[in-house]
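Residue numbers (our numbering): 12 to 174. Just so you know, even glycine gets a beta-carbon here, dropped at the ideal spot from N, CA and C.
What follows is the structure, encoded as structure tokens:
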């Protein structure tokens, strides 16, 4: 009985020792595709500051002030005030700036566009790989998630403007 128990214990040690050994080599290149750089971290701080300053501002078609702002005006004002970059006033103009990027490449500062109606386009600014801020027609300036079913189903394209 003692010999049988001893043999089982030795067998378990051998088996557990084998399970600790991995024949898969760890990748030496563990860099993340969208890894934040110091520049992106700084840009994120600026964008969140802008969002906090404008949060709750009501939506107003054609508006460009804290009394009311639309989505493209919020984008234009944010890029001017935070990055000293001049963007077109309309979504139709903004969708032509920078260069097109895949959805999987989204990062802080990228523009994200949606088709919310037959001839209606909407724009927001990514603050990280998942969240963007924008002027919602129903809720004013808010932070939303790209994986929200509504935004996910209305996603159209993304653009990167060099900050």
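Can you tell me where the alpha helix (DSSP H) holding residue i begins and where it ends?
{"i": "residue 86", "result": "82 to 94"}
{"i": "residue 60", "result": "49 to 65"}
{"i": "residue 116", "result": "Segment: none, residue 116 is in no alpha helix (DSSP H) and carries neither H nor E."}
{"i": "residue 102", "result": "102 to 105"}
Would you mind sorting residue i into buried or exposed? The rule is 16 or more other CB atoms within 10 Å of its CB.
{"i": "residue 83", "result": "buried"}
{"i": "residue 157", "result": "buried"}
{"i": "residue 65", "result": "buried"}
{"i": "residue 6", "result": "In the structure as shown, the chain begins at 12 and stops at 174. Residue 6 is therefore absent and cannot be evaluated."}
{"i": "residue 87", "result": "buried"}
{"i": "residue 85", "result": "buried"}
{"i": "residue 150", "result": "exposed"}
{"i": "residue 25", "result": "Confidence at residue 25 is low in this model, with a pLDDT of 37, below 50, so the placement of that residue should be treated as unreliable; the coordinate-derived value is given next. Exposed, by the Cβ-count rule."}
{"i": "residue 48", "result": "exposed"}
{"i": "residue 131", "result": "exposed"}
{"i": "residue 110", "result": "exposed"}
From the DSSP output, in three-state form, read off residue i for me.
{"i": "residue 74", "result": "coil"}
Which two residues bound the contiguous beta strand (DSSP E) that contains residue i?
{"i": "residue 111", "result": "110 to 112"}
Please identify the residue among the options whose C-alpha is closest to the C-alpha of residue i.
{"i": "residue 137", "options": "131, 146, 129", "result": "146"}
{"i": "residue 168", "options": "114, 160, 127, 174", "result": "114"}
{"i": "residue 62", "options": "144, 96, 81", "result": "144"}
{"i": "residue 164", "options": "89, 124, 150", "result": "124"}
{"i": "residue 78", "options": "171, 152, 161, 129", "result": "152"}
{"i": "residue 162", "options": "127, 48, 119, 148", "result": "127"}
{"i": "residue 142", "options": "53, 58, 105", "result": "58"}
{"i": "residue 55", "options": "112, 111, 98, 89", "result": "89"}
{"i": "residue 170", "options": "103, 52, 159, 154", "result": "103"}
{"i": "residue 148", "options": "140, 51, 69, 53", "result": "69"}
{"i": "residue 105", "options": "52, 133, 160", "result": "133"}
{"i": "residue 172", "options": "101, 154, 94", "result": "94"}
Output the residue ranges of the beta strand (DSSP E) runs that lie fully inside the stretch 119 to 169 and measure 3 residues or longer, sorted by chain position. As summarised for the stretch 119 to 169, the continuous beta strand (DSSP E) elements at least 3 residues long and confined to that stretch are 122 to 126, 132 to 137, 142 to 147, 151 to 156, given in chain order.
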